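What follows is a short report on a single structure.
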Ligand SMILES: *Cc1c(COP(=O)(O)O)cnc(C)c1O
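Residue numbers (the working numbering): 1361 to 1688.
Set out below in structure tokens:
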């Protein structure tokens, strides 16, 4: 893992050390006040044997913006990327070679200053962990079901919904448990005011597919301070346009979904890439999307994105960031 520390207004350089426990004061502010932000990105073994990170500069930018929202310091330019590259380099031998497999990186920052007063902290740690991973939900040929809770809220206007902070996840776990208790795979979050508009999943953005006379149109809720600006979301929108499909960032209500406006829906995020959604369970309805099975547009997008990530096709958008490793 890579670690760096912030003290007296400056960041140290990072060091690479073996994965192991951290030493932390019980008064460390993160344990009391939750100042913790993180990222998730992947390195992919390329078809030619080399290794590339997928859009890591975007994660670095989002990390800084999450930190700003929590009154935490930004990282010095280049530190995020250099630490991620260094972890990939020392772990190069454990980067899997199979299709759908990758090496997951988890950069994080948290307040270490020992103090019980409630205020922005003055000391932080930045840590990057890495781990080989397989497919998140297993087989993409399986459509997941989601539970839209009638009362729980993930993010409200003015809150931290657009920041990738640990507290958002802590607050969402009860809905995930409720989803599982109802036989669903994941929670689907609705808008805080009326519980009517679809926002996103706990760690993935939501996209629906409308069939038009001119082909598929990807519809996804517009970004706001209650929706995380997912890099996979942006990637599928760009890919869809490059395939000649339409995209539309507009509100999607449960009523639209119930009325059958969309033939397909999927969730997207770094960990699971693109996951078909077959059913939405609400307090009153069980809404089946299309025929409840993974749709052709969803599967095509998933295949295109994974092929690009794994270096099996050209990279016209400059999304691959290659990392020099000793065995490539
Ligand atoms: C990380 C995350 C996503 C997905 O973002 P990616 O950059 O695509 O991985 C979506 N929603 C939430 C709440 C997240 O934390």
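Yeah, the Cβ is synthetic: ideal placement off N, Cα and C, and Gly gets one too.
For clarity, every value in this text was computed on a predicted model and none was experimentally measured.
Going by Cα to Cα distance, which pick from the options is closest to residue i?
i: residue 1425; options: 1398, 1402 and 1410; result: 1398
i: residue 1610; options: 1559, 1455, 1528 and 1461; result: 1559
i: residue 1451; options: 1515, 1490, 1645 and 1535; result: 1490
i: residue 1510; options: 1569, 1547, 1521 and 1525; result: 1547
i: residue 1654; options: 1642, 1667, 1641 and 1637; result: 1637
i: residue 1577; options: 1604, 1393, 1473 and 1503; result: 1604
i: residue 1480; options: 1470, 1553 and 1487; result: 1470
i: residue 1374; options: 1440, 1402 and 1416; result: 1440
i: residue 1656; options: 1463, 1571 and 1580; result: 1571
i: residue 1486; options: 1658, 1476 and 1436; result: 1436
i: residue 1422; options: 1467, 1477 and 1472; result: 1467
i: residue 1464; options: 1683, 1539, 1646 and 1402; result: 1402
i: residue 1386; options: 1371, 1482, 1429 and 1473; result: 1473
i: residue 1502; options: 1492, 1413, 1523 and 1544; result: 1544
i: residue 1599; options: 1573, 1663, 1443 and 1431; result: 1663
i: residue 1419; options: 1573, 1493 and 1443; result: 1443
i: residue 1462; options: 1633, 1651, 1684 and 1639; result: 1633
Give a single yes or no on whether residue i has its beta carbon closer than 7 angstroms to a heavy atom of ligand 1.
i: residue 1593; result: yes
i: residue 1528; result: yes
i: residue 1557; result: no
i: residue 1444; result: no
i: residue 1524; result: yes
i: residue 1588; result: yes
i: residue 1565; result: yes
i: residue 1598; result: no
i: residue 1562; result: yes
i: residue 1607; result: no
i: residue 1630; result: yes
i: residue 1409; result: no
i: residue 1400; result: yes
Could you check what DSSP says for residue i in three-state terms: helix, strand or coil?
i: residue 1608; result: strand
i: residue 1681; result: strand
i: residue 1643; result: coil
i: residue 1688; result: In this predicted model, residue 1688 has a pLDDT of only 48, less than 50, meaning its place in the structure is not dependable; the value taken from the coordinates is given anyway. Of the three classes helix, strand and coil, the one that applies to residue 1688 here is coil, per DSSP.
i: residue 1416; result: helix
i: residue 1658; result: helix
i: residue 1396; result: strand
i: residue 1454; result: helix
i: residue 1535; result: helix
i: residue 1388; result: strand
i: residue 1690; result: Because the chain here runs from 1361 to 1688, residue 1690 falls outside it and cannot be looked at.
i: residue 1703; result: The shown model of the chain, from 1361 to 1688, leaves out residue 1703, and the question about it has no answer.
i: residue 1463; result: strand
i: residue 1526; result: helix
Can you give the beta carbon distance from residue i to residue j, rounded, assuming they're within the 8 angstroms contact cut?
i: residue 1512; j: residue 1596; result: The Cβ separation is near 27 angstroms, so there is no contact.
i: residue 1587; j: residue 1625; result: Not really, about 16 angstroms apart at Cβ, beyond 8 angstroms.
i: residue 1362; j: residue 1376; result: 5 angstroms
i: residue 1519; j: residue 1585; result: 7 angstroms
i: residue 1434; j: residue 1427; result: 6 angstroms
i: residue 1483; j: residue 1393; result: That pair is no contact at about 13 angstroms.
i: residue 1400; j: residue 1631; result: 6 angstroms
Distance, Cα to Cα, residue i vs residue j?
i: residue 1635; j: residue 1617; result: 17 angstroms
i: residue 1620; j: residue 1537; result: 28 angstroms
i: residue 1591; j: residue 1629; result: 7 angstroms
i: residue 1602; j: residue 1567; result: 17 angstroms
i: residue 1677; j: residue 1644; result: 43 angstroms
i: residue 1449; j: residue 1686; result: 8 angstroms
i: residue 1606; j: residue 1411; result: 32 angstroms
i: residue 1360; j: residue 1384; result: Nothing in the structure corresponds to residue 1360, since the chain is present only between 1361 and 1688.
i: residue 1688; j: residue 1575; result: Interpretation of residue 1688 is limited by its pLDDT of 48, a score under 50 that renders its predicted location unreliable; no figure is taken from the coordinates.
i: residue 1407; j: residue 1445; result: 19 angstroms
i: residue 1681; j: residue 1613; result: 37 angstroms
i: residue 1395; j: residue 1582; result: 27 angstroms
i: residue 1516; j: residue 1553; result: 8 angstroms
i: residue 1671; j: residue 1405; result: 8 angstroms
i: residue 1534; j: residue 1673; result: 41 angstroms
i: residue 1641; j: residue 1505; result: 7 angstroms
i: residue 1589; j: residue 1647; result: 26 angstroms
i: residue 1458; j: residue 1659; result: 19 angstroms
i: residue 1447; j: residue 1539; result: 35 angstroms
i: residue 1569; j: residue 1429; result: 32 angstroms
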